[in-house]
Amino acid sequence: TQLLEQSPQFLSIQEGENLTVYCNSSSVFSSLQWYRQEPGEGPVLLVTVVTGGEVKKLKRLTFQFGDARKDSSLHITAAQPGDTGLYLCAGANTNAGKSTFGDGTTLTVKP
Amino acid sequence: EAQVTQNPRYLITVTGKKLTVTCSQNMNHEYMSWYRQDPGLGLRQIYYSMNVEVTDKGDVPEGYKVSRKEKRNFPLILESPSPNQTSLYFCASSRTAFSGNTIYFGEGSWLTVV
Numbered sequence: 014t015q016l017l018e019q020s021p022q023f024l025s026i027q028e029g030e031n032l033t034v035y036c037n038s039s040s041v042f043s044s045l046q047w048y049r050q051e052p053g054e055g056p057v058l059l060v061t062v063v064t065g066g067e068v069k070k071l072k073r074l075t076f077q078f079g080d081a082r083k084d085s086s087l088h089i090t091a092a093q094p095g096d097t098g099l100y101l102c103a104g105a106n107t108n109a110g111k112s113t114f115g116d117g118t119t120l121t122v123k124p
Numbered sequence: 052e053a054q055v056t057q058n059p060r061y062l063i064t065v066t067g068k069k070l071t072v073t074c075s076q077n078m079n080h081e082y083m084s085w086y087r088q089d090p091g092l093g094l095r096q097i098y099y100s101m102n103v104e105v106t107d108k109g110d111v112p113e114g115y116k117v118s119r120k121e122k123r124n125f126p127l128i129l130e131s132p133s134p135n136q137t138s139l140y141f142c143a144s145s146r147t148a149f150s151g152n153t154i155y156f157g158e159g160s161w162l163t164v165v
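Just so you know, the sequences run in chain order A and B.
Going by our numbering, the first sequence opens with residue 14, and the numbers climb by one from there.
Going by our numbering, the second sequence opens with residue 52, and the numbers climb by one from there.
Laid out in structure tokens, this is it:
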């Protein structure tokens with residue numbers, strides 16, 4: 014079974030601060046996705062990264078896929094209360110059907 | 052509107068009483084999957100289906116059954132529920148199993164087994 018470890022598990026910061034969430038594995042994935050989940054709802058896809066070393070930006074969010082495709086990071090610049098939620102990374106292999114999720118990082122941004 | 056619909060959203064049942072959680076998607080997606088979410092354990096895959104009549108086990112399939120007789124529906128069956136199956140369940144679908152595709156999740160089904 015492939016495992017994904019996310020850190021930190023919980024993060025509480027003030028509005029305007031920067032933060033980075035990490036997603037690490039000993040396994041190689043063909044792609045890695047980041048999701049955000051709010052209470053009472055299903056996860057919503059933020060980004061998919063497929064190439065080792067790839068960097069994608071989504072407004073104040075920057076996602077990076079490690080060169081070896083075993084790890085990824087999510088960096089948020091100038092966090093806002095609306096960024097509060099559970100952030101999940103998920104790894105998959107091409108056409109394999111199985112997906113592996115990290116345990117999640119619960120982010121709280123205080124006004 | 053693209054949707055993955057699960058029912059029921061909330062259910063309290065007793066140990067041993069068979070139940071089915073339905074899942075339906077309106078996007079003509081080939082790939083569908085079931086997950087359970089428990090505190091501190093993230094999302095764990097129960098079963099997935101690459102297409103009609105094609106299903107396979109995820110990481111935690113014990114105590115669950117699925118079927119995929121039609122493309123749009125992927126019900127999750129608990130033949131004899133036990134308290135350790137109390138959890139939040141999510142159904143998801145994507146166009147194909149290709150890992151680059153967007154996965155759409157339903158709103159979740161809270162199941163309590165007493």
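Glycine is no exception: its CB is placed at the ideal position from the N, C-alpha and C atoms.
Chain-ordered chain A contacts of residue i [CB-CB under 9 Å]
i	result
residue 56 (chain B)	Per Cβ cutoff of 9 Å: no residues; residue 56 (chain B) is ~11 Å from chain A at best.
residue 78 (chain B)	None at all; the shortest Cβ gap to chain A is about 14 Å.
residue 159 (chain B)	53, 54, 55
Residue i: contacting residues in chain A (beta-carbon distance under 7 Å)
i	result
residue 156 (chain B)	55, 56
residue 125 (chain B)	Within chain A, no residue comes near residue 125 (chain B); the closest Cβ sits about 13 Å away, beyond 7 Å.
residue 109 (chain B)	111
residue 101 (chain B)	110
Rounded separation between residue i and residue j - CA only
i	j	result
residue 133 (chain B)	residue 84 (chain B)	21 Å
residue 149 (chain B)	residue 106 (chain B)	16 Å
residue 141 (chain B)	residue 125 (chain B)	12 Å
residue 86 (chain B)	residue 66 (chain B)	21 Å
residue 101 (chain B)	residue 122 (chain B)	10 Å
residue 120 (chain B)	residue 88 (chain A)	42 Å
residue 104 (chain B)	residue 118 (chain B)	7 Å
residue 81 (chain A)	residue 164 (chain B)	43 Å
residue 114 (chain B)	residue 96 (chain B)	13 Å
residue 99 (chain B)	residue 110 (chain A)	7 Å
residue 61 (chain B)	residue 57 (chain A)	21 Å
Chain-ordered chain B contacts of residue i [CB-CB under 7 Å]
i	result
residue 61 (chain A)	151
residue 116 (chain A)	91, 92, 93
Residues near residue i by beta carbon distance below 7 Å, same chain, minus five either side
i	result
residue 130 (chain B)	69, 116
residue 90 (chain A)	31, 73
residue 62 (chain A)	44, 45, 69, 76, 78, 85
residue 122 (chain A)	26, 28, 92, 93, 94, 96, 97
residue 138 (chain B)	87, 88, 89, 162
Residue i, DSSP secondary structure in three states
i	result
residue 95 (chain A)	helix
residue 88 (chain B)	strand
residue 79 (chain B)	coil
residue 27 (chain A)	strand
residue 22 (chain A)	coil
residue 152 (chain B)	coil
residue 46 (chain A)	strand
residue 15 (chain A)	coil
residue 136 (chain B)	helix
residue 34 (chain A)	strand
residue 141 (chain B)	strand
residue 56 (chain B)	strand
residue 85 (chain A)	strand
residue 125 (chain B)	coil
residue 95 (chain B)	strand
residue 115 (chain B)	coil
Integer Cβ distance of residue i from residue j, believed to fall under 8 Å
i	j	result
residue 104 (chain A)	residue 15 (chain A)	7 Å
residue 55 (chain B)	residue 76 (chain B)	5 Å
residue 160 (chain B)	residue 80 (chain B)	Actually they are not in contact, since the Cβ atoms of residue 160 (chain B) and residue 80 (chain B) sit about 19 Å apart, beyond 8 Å.
residue 117 (chain A)	residue 157 (chain B)	Actually they are not in contact, since the Cβ atoms of residue 117 (chain A) and residue 157 (chain B) sit about 18 Å apart, beyond 8 Å.
Residue i: contacting residues in chain B (beta-carbon distance under 9 Å)
i	result
residue 85 (chain A)	What residue 85 (chain A) touches in chain B: nothing, since even the nearest Cβ is about 13 Å away.
Sequence-distant residues of the same chain with beta carbon closer than 6 Å to residue i, five excluded per side
i	result
residue 74 (chain B)	57, 125, 142
Residues that residue i contacts on chain B, provided the C-beta gap is smaller than 8 Å
i	result
residue 71 (chain A)	None at all; the shortest Cβ gap to chain B is about 14 Å.
residue 101 (chain A)	93, 94
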